[in-house]
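Enquirer:
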Amino acid sequence: MNQDINDTIKQNISQEGPIPITQDSHPFSANAFARQPVDLTAYKYKEEEYFISGKANIYQGEKVAEVKYSNQPYKTRIMIRKPNPDHFSGRVYLDIYNASNGYDIEDVWRRSYQYYLENGHIYIGITSKPINVLSLKNFDYNRYQSLNWSSPETAPMPTTISPTMSIPGTEEGLIWDIISQLGYAIKNNLLEGLSNYPVQELYLTGQSQSGMYLNSYVYYFHQFVENIFDGYLNVVGAGVMRDLNQYENPNSFFSSKKQLLPKQLKRPFILLSSQGDINLFESMVNRNQVLSEINNTLEPIRHYELASSPHTDPASPLIPDNSEIVKTKNPAKLLDGEYNYTVNNIQLAYYVNSCLEALHKWAQEDYCPSENLLINRDSKGHIDKDEFGNGRGGLRSAYVEVPIAHYHANAIEPGYTDKNQSASVNGSMVYFNTKLLQTLYKDKQDYLKKFASYVNQQVKENFLLSNDGKRMIAWSKAVAEELFN
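Here it is, written out as structure tokens:
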């Protein structure tokens, strides 16, 4: 069995690309069609789309992956954002695209694009689920018609499709060997799009639902890819994993189940959670039990929960423009400012960046990151909150240590009375009034001094990167002008 998996991983993949961009056809999630595109040329970066195809196994099993079907054909797409070769750091971050909205969500790119661009790292995103392929075909059928995630078990096409369920006749379980085969090609300099880029390190990332995929991948396949992936980062997806194929639990939400922890893991694995995840995932699995197991494991695993932070960032400038999203036949997204509450502006992204860097240092250097940092719970598992409603314990930030707002990790809309505060994957916030600000701080300069002091201390302790610390301090100055004047 192990030899079958090893042989499958090393199979050559066919590659097409870069797929041409014309006046009438461009990739979905292309930077140029984001809400606020970033100037890639200013960083000497370019963006390319490729199609990859090959043959993958479909696996089954609870504790161990067993081959159910072998050599099943697939074809999917990847997006590459890469610097000029002379600016390349040697690092590649492969990101499993999130499918929770029914189309490709570049979650880690949206959060960490500045980190990649400022440091010469390559970002590669991979379409990871049949429902995303369907949305790509809706978006531009002529461009994406050849993509294929068919199952050997055929089924009638459903009349309606939900992003939370599987599409009969397709197979989500193709993803495991797709990731391994793509990783093998990247690490061994066989990927045509990286022909002039000597890859030294390769890391695998996933957020939210794709973080669930990552948890399954690490558990079932880590021993087969020790020479491919140098480490793993899960963003807002701790405690939950998914089945190996889409038929084992067809009625399960996202085919989800309790995360199982790998044994004899030889590569570092960091999980960064938001406080919003606590309410979001608790309805799916007994997550607190899993988090306790993570906290007590002797494997090279770290778990951090960022106090009062939300699960998502609806204010990201790199979300595809709504004119692009509706072409996939999915609903347009609400924009920041269109909600009937103020969106929580705690930047989990900056801590994603520091985790990306810590993962590399842990994998390549004599470095050990901070021990697990979990938000305090009471005996019933409820979040322990301070007088401002902000979570206690966990990974702290200047947003909650030098506060100017009541932060809610799950959005609370006007008139909302759910005590669990689980209304949304977004977060909400309410700025302090003048009276409370005057109680906490002598004046604007007092606030700015305390905020900057905390940020600078976190930079020294490697909880923040220097550039992100500067961005946080710049934000504090801008918001202080409004609140203290």
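Residues are numbered in the working numbering as their position in the sequence shown, beginning at 1, plus a constant of 713. By construction, the Cβ of each residue, glycine as well, lies at the ideal position given by its N, Cα and C atoms. What you are looking at is a predicted structure, and each value in this text was computed from that prediction instead of being measured.
Do Y782 and P865 have their beta-carbon atoms positioned less than 7 Å apart in this structure?
Expert: With respect to the 7 Å criterion, P865 and Y782 are classified as neighbours on the basis of their beta carbons.
Enquirer: Thinking S742 and P1027 are a contact (beta carbons under 8 Å), I'd like their distance in whole angstroms, please.
Expert: About 16 Å; that fails the 8 Å criterion.
Enquirer: Rounded to whole angstroms, what's the CA-CA distance from P1267 to Q749? Just pull it up for me.
Expert: Outside the displayed range of the chain (714 to 1198) lies residue 1267, so it cannot be described from this structure.
Enquirer: Buried or exposed: which applies to C1068, given that a residue is buried once 16 or more other Cβ atoms fall within 10 Å of its Cβ?
Expert: buried
Enquirer: When you compare each of P733, G952 and I991 to D1097 by their alpha carbons, which one comes out closest?
Expert: I991
Enquirer: Quick check: the Cα distance between I983 and M954, rounded to an integer number of angstroms?
Expert: 15 Å
Enquirer: Bridge partners of A747, per DSSP?
Expert: P1033
Enquirer: How far does the beta strand (DSSP E) with Y758 in it extend, from its first residue to its last?
Expert: First-last of the beta strand (DSSP E) with Y758: Y758 to Q773.
Enquirer: Once you ignore the five residues that flank T883 on each side, which residues in its own chain have a CB closer than 7 Å to its CB?
Expert: These residues qualify, in order along the chain: P843, W862, S863 and S864.
Enquirer: Which one of S929, S908 and R804 has the shortest CA to CA distance from I774?
Expert: In the sequence as presented, Ile is not what sits at residue 774; that position holds Gly. Looking at the Cα atoms, S929 is the closest of the given residues.
Enquirer: Please work out which residues of its chain come closer than 6 Å, Cβ to Cβ, to L1086, disregarding the five sequence neighbours upstream and downstream, and give them in chain order.
Expert: Within the same chain, L1086 has close Cβ partners Y1017, G1107 and L1108.
Enquirer: Which residues in the same chain as Y857 place their Cβ atom closer than 6 Å to its Cβ, once the five residues preceding and following it in sequence are excluded?
Expert: Counting only residues of its own chain and dropping the five nearest sequence neighbours on each side, Y857 has a CB closer than 6 Å to the CB of L849 and K850.
Enquirer: Specify the secondary structure class of V780 as computed by DSSP and reduced to three states.
Expert: strand
Enquirer: Could you pull out every residue in the same chain whose Cβ sits closer than 6 Å to the Cβ of L973, ignoring the five residues on either side in sequence?
Expert: Around L973: Y932.
Enquirer: Contact check, V948 vs D817 under 8 Å by CB: the rounded distance?
Expert: That pair is no contact at about 16 Å.
Enquirer: Is the CB-CB distance between L957 and Y772 below 7 Å?
Expert: yes
Enquirer: Taking the beta strand (DSSP E) that Q736 belongs to, which residues open and close that run?
Expert: Note, Q736: premise wrong, no beta strand (DSSP E); not H, not E.
Enquirer: Have a look at the DSSP bridge pairing and note the partners of E1018.
Expert: S986
Enquirer: Can you give me the C-alpha to C-alpha distance between S813 and Q922, rounded to a whole angstrom?
Expert: 6 Å
Enquirer: Hey, how far is the Cα of I837 from the Cα of V805?
Expert: Rounded to whole angstroms, I837 to V805 spans 7 Å at the Cα level.
Enquirer: Given this structure, state the Cα-to-Cα distance separating A1165 from L1196, to the nearest angstrom.
Expert: 17 Å
Enquirer: Whole angstroms is fine: what's the gap from D1091's alpha carbon to D1156's?
Expert: 35 Å
Enquirer: Can you tell me whether DSSP reads Y854 as helix, strand or coil?
Expert: The answer is helix: DSSP assigns Y854 an H, G or I state.
Enquirer: Give me the Cα-Cα distance between L1031 and D1181, rounded to the nearest whole angstrom.
Expert: Looking at the two C-alpha atoms, the distance is approximately 18 Å.
Enquirer: By the DSSP assignment, the beta strand (DSSP E) with A1187 in it spans what residues?
Expert: Where A1187 is concerned, there is no enclosing beta strand (DSSP E), although the alpha helix (DSSP H) it sits in stretches over S1179 to L1196.
Enquirer: Going by beta-carbon coordinates alone, are P1023 and G989 separated by less than 7 Å?
Expert: Yes, the pair counts as a contact, with Cβ atoms nearer than the cut-off.
Enquirer: What are the boundary residues of the alpha helix (DSSP H) that K971 is part of?
Expert: Careful: K971 lies outside any alpha helix (DSSP H), inside the beta strand (DSSP E) at S969 to K971.
Enquirer: Shortest alpha-carbon distance to Q1170 belongs to which of V1056, Y1160 and A1111?
Expert: The candidate whose alpha carbon is nearest that of Q1170 is A1111.
Enquirer: Determine, using beta carbons only, whether Q724 and I765 come nearer to each other than 7 Å.
Expert: no
Enquirer: Which residues bound the alpha helix (DSSP H) around N715?
Expert: N715 to I722
Enquirer: Can you tell which of S1137, L946 and P911 has its C-alpha closest to the C-alpha of D808?
Expert: L946
Enquirer: At the level of alpha carbons, what is the spacing between D720 and R1184?
Expert: Roughly 47 Å separates the two Cα atoms.
Enquirer: Per the DSSP calculation, N861 is bridged to which residue(s)?
Expert: K788
Enquirer: Suppose the cutoff is 8 Å on Cβ atoms and the five residues either side in sequence are ignored; what does the same chain contact list for L860 look like?
Expert: Cβ-Cβ distances below 8 Å link L860 to F764, K788, T789, R790, T840, V846, L849 and K850 in the same chain, with the five nearest sequence neighbours on each side left out; the list follows chain order.
Enquirer: Quick one: what does DSSP say T1147 is sitting in, helix, strand or coil?
Expert: helix
Enquirer: Which of the three DSSP states, helix, strand or coil, is assigned to A1062?
Expert: helix
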